[in-house]
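**Student:**
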């Protein structure tokens, strides 16, 4: 379902998933990293808004960063571009501060 040259952009810094992930290898890497580093749940189904080759997915999630055991709440929007039936680009709009805070270790290396 994804194009070979897919690009997934996750904004922010100071947390493990931030960055631009390209191609099937980048997609697999970010999904593997997400599974290894966090637990997440969405208490309500997201809303979908589609126009042309773009789909906006609007939702809310609660989660926990495994390394720190800190929780977060995140209102998010995924801006997805679909061409020829394949996802070519995903750009997340997320609460980067909440995720960075939940990912931060203190000076001793503990959460």
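In our numbering, the protein residues as written are 161 to 271.
C-beta: ideal position from N, C-alpha, C; glycine also.
(1) Which same chain residues end up closer than 7 Å to residue 193 when comparing Cβ atoms and leaving out the 5 residues on each side of it in sequence?
(2) Taking all protein chains shown into account, do 16 or more other C-beta atoms lie within 10 angstroms of the C-beta of residue 198, making it buried, or fewer, making it exposed?
(3) Between which two residues does the alpha helix (DSSP H) holding residue 264 run?
(4) Three-state secondary structure (DSSP) at residue 231?
(5) Please report the distance separating the alpha-carbon of residue 248 from that of residue 212.
(6) For the candidate residues 257, 209, 251 and 163, whose alpha-carbon lies nearest to that of residue 185?
(7) Give me the residue from 232, 263 and 257 with the minimum Cα distance to residue 221.
(8) What is the DSSP secondary structure of residue 201, reduced to helix, strand or coil?
(9) If residue 121 and residue 252 are in contact, beta carbons under 8 Å, what's the gap, nearest whole angstrom?
**Tutor:** The relevant details are as follows:
(1) For the purposes of this step, residue 193 is identified with residue 33 of the chain shown, where counting begins at 1. If we look at residue 193 and ignore the five residues flanking it on each side, its Cβ neighbours are 176 and 177.
(2) Within the chain shown, residue 198 is the residue found at index 38, counting from 1. Per the 10 Å Cβ criterion, buried.
(3) For the purposes of this step, residue 264 is taken as residue 104 along the chain shown, with counting starting at 1. No alpha helix (DSSP H) holds residue 264; DSSP gives it neither H nor E.
(4) Here the question's residue 231 lines up with position 71 in the chain shown. Reduced to three states, the DSSP call for residue 231 is strand.
(5) As a working mapping, residue 248 is identified with position 88 in the chain shown. As a working mapping, residue 212 is identified with position 52 in the chain shown. Rounded to whole angstroms, the gap between the alpha carbons of residue 248 and residue 212 is 14 Å.
(6) Taking the first residue of the chain shown as 1, we reach residue 185 at position 25. Of the candidates 257, 209, 251 and 163, the one whose C-alpha sits nearest the C-alpha of residue 185 is 163.
(7) Taking the chain shown and counting its residues from 1, one reaches residue 221 at position 61. Ranking 232, 263 and 257 by Cα distance to residue 221 puts 232 first.
(8) For this step, residue 201 is matched to residue 41 along the chain shown. It is a strand residue.
(9) This structure cannot speak to residue 121, because the chain is shown only from 161 to 271.
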